[in-house]
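All remarks here apply to the structure that follows.
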Amino acid sequence: MPARKILEEIVYVLPMGGQWKALPKEGLASSSAIHTHFLRWTESGFLVTLWPTGLAECDEMEGLS
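The numbering used here applies: residue 1 is where the sequence shown begins, and numbers increase by one.
Take a look at the structure:
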């Protein structure tokens with residue numbers, strides 16, 4: 001699964017307090033697989049590296065108020 005798609009799934013669920021089971025069933029991977037990626041990326045620091053770029057992109061698209 002492409003990293004961008006995994007990130008999209010993570011960003012989808014975080015505003016809900018990390019309720020991984022809330023991910024759409026027709027998603028690209030199971031909720032447990034996405035959660036595993038989240039844990040690995042958080043532990044490795046990868047998610048922290050991606051986050052500022054993602055926020056900048058979202059802000060450019062007027063996704064944040």
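The C-beta atom is built at its ideal place from N, Cα and C for all residues, glycine as well. Just so it is clear, the structure is predicted and the values come from calculations on it, not from any experiment.
Item: DSSP three-state assignment for Lys25, whether helix, strand or coil; Value: coil
Item: Pro52 (DSSP reduced to helix, strand or coil); Value: helix
Item: Helix, strand or coil at Ser32 according to DSSP, with G and I counted as helix; Value: helix
Item: Integer Cβ distance of Leu23 from Glu9, believed to fall under 8 angstroms; Value: 6 angstroms
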